[in-house]
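Inspection log for the structure reproduced underneath, given as structure tokens.
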Amino acid sequence: MPIQHTIAVYQVVQMLLAIEHEDQRAAVLRRAGIQPALLESKLARVTQTQFARLMTALVRHHRDEFWGLSSKPLPLGSFAVGCRMLVGHRKLGDALRAGLRYYHALLPDFVPRLVVSGGVAYLRMSPRHALDDRQAYAVRVFMFLSYGVMCWLAARRIPVDEVVYQDSDIARRSDASRLFQAPIQLEEGEWGYRFDAKWLDLPVVQNKESVEEFLHLAPACLLVKYRDQASLTERIRRMLRRYLAEEMPSLEEVSDMLATTPQTLRRRLQREGQGYQMIKDALRRDVAVEYLTQSDLPLLEVAARVGFSEASTFHRAFKAWTGLTPGAYRQAHNEPGENETLA
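Structural data, given as structure tokens:
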């Protein structure tokens, strides 16, 4: 079974901010295979497949590519037009600047700009006015999508040095550090992310043919396509998967496996916005969620496969991770309606 990262239910709640009526929210959630009861736990997680289907369902519900979050709808087809325009540029920096100019006229609530200074490129999102919760979430969505498109244009992951957020609580709940695989910097009045300006000189390798394939898969493909599989976090995650059903190695033992010191390992993980215990817990949680939602294994067997010898210990840990017991999580996922398809 492949290891799939899960997504915080906080993201789902934010995506639904523009839907006022509870019955409409429930209908959209069920089209995505997400049971409304799952949203009652702030710690719950959804799968990448569910999240991608929710994106599509919201675009169809609102007839708006920004899911009703902005003060003015983003016309259907805007993303496709922009992507087709970008592949006409030779360098990543030129394509990025052209894309930001294109969105200046479409985004009513904030202005995305590329600022280059001292060898650092900063894609900065500056509000046009005081933003409500919906509009602020739209800014963060644009950050994620712009980064995904940038990586796609160059056909490689662009390492991010730091992500700029205004609010530490939102940054934590939204998994921003994990999504960008970079530490969070809190700054007043703006959002964005910084990376080495040398990447702006990369060639644009996509073309008129590849953009059509990309548009067929987007935005779902942006969730996983350019995750840095070579990052230390991902290397440790893959390594620990072999030990899931037994005692996990200590930080010192992992350091020996990687031919480094515990101190160096801690520093490198910190630069990626991670810690060793965080990686272990997230791996166990994500694999448990996958077993609970994709298999009929008894709970005791699921517990054993993710390293718990006692069901009670697994129950406590899983509830701490997701806000629900394993049984309640499986029940919420398997309620009638989960297999509805998008209309």
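Each residue of the sequence shown is one higher than the one before, starting from -13 at the first, in the numbering used here. The beta carbon of each residue, even a glycine, is placed where N, CA and C say it ideally should be.
Taking the Cβ atoms as the reference, Val275 lies roughly 37 Å from Val190, outside the contact range of under 8 Å.
Within the DSSP bridge table, the entry for Tyr179 names Leu109 and Val149 as partners. Per DSSP, the unbroken beta strand (DSSP E) holding Ser103 starts and ends at Phe96 to Ser103.
Taking a cut-off of 8 Å on C-beta distances, the segment 120 to 136 touches the segment 92 to 107, as three or more cross pairs fall below it.
Counting only unbroken stretches of 3 or more residues, no beta strand (DSSP E) element lies wholly within the segment 218 to 290. Residue pairing by DSSP puts Ile170 in a beta bridge opposite Val149. Nearest in C-alpha terms to Arg159, of all of Thr(-8), His(-9) and Gln(-3), is Gln(-3).
One alpha carbon belongs to Thr247, the other to Phe181, and they sit about 27 Å apart. As a beta-bridge residue in DSSP terms, Ile(-7) pairs with Val32. Residue ranges of uninterrupted alpha helix (DSSP H) with 4 or more members, entirely inside the segment -5 to 69 and ordered along the chain, are -5 to 1, 8 to 17 and 34 to 48.
Bounds of the alpha helix (DSSP H) holding Ala122 are Asp119 to Ala140. A residue is called buried once 16 or more other Cβ atoms fall within 10 Å of its Cβ, and Gly63, having fewer, is exposed. In the three-state reduction of the DSSP assignment, Pro312 falls in the helix class, which pools H, G and I.
Under DSSP, Lys77 takes part in a beta bridge, and its partners are Pro189. Taking each of Val150, Lys28 and Ala43 in turn and checking the Cα distance to Gln10, the smallest one comes out for Ala43. In the structure shown, the three-state DSSP call for His115 is coil.
In this structure the segment 132 to 141 does not lie against the segment 13 to 33, because fewer than three pairs of beta carbons, one per stretch, are closer than 8 Å. Of the candidates Asp50, Leu109, Pro312 and Pro284, the residue whose Cα lies closest to the Cα of Leu60 is Asp50.
Annotated three-state conformation of Phe294 is coil, per DSSP.
Per the C-alpha coordinates, the member of Arg254, Arg316, Lys194 and Asp272 positioned closest to Arg76 is Lys194. Taking all protein chains shown into account, Thr299 has fewer than 16 neighbouring C-beta atoms within 10 Å of its C-beta and is therefore exposed. Linking Leu218 to Arg110 through their CA atoms gives a straight-line distance of about 27 Å.
Counting the other CB atoms within 10 Å of its CB gives Arg253 a total below 16, which places it among the exposed residues.
Burial state of Thr279 is buried, judged by a 10 Å Cβ sphere holding 16 or more other Cβ atoms. Judged by pairs of C-beta atoms under 8 Å, the segment 232 to 249 does not touch the segment 197 to 206, as fewer than three such pairs exist.
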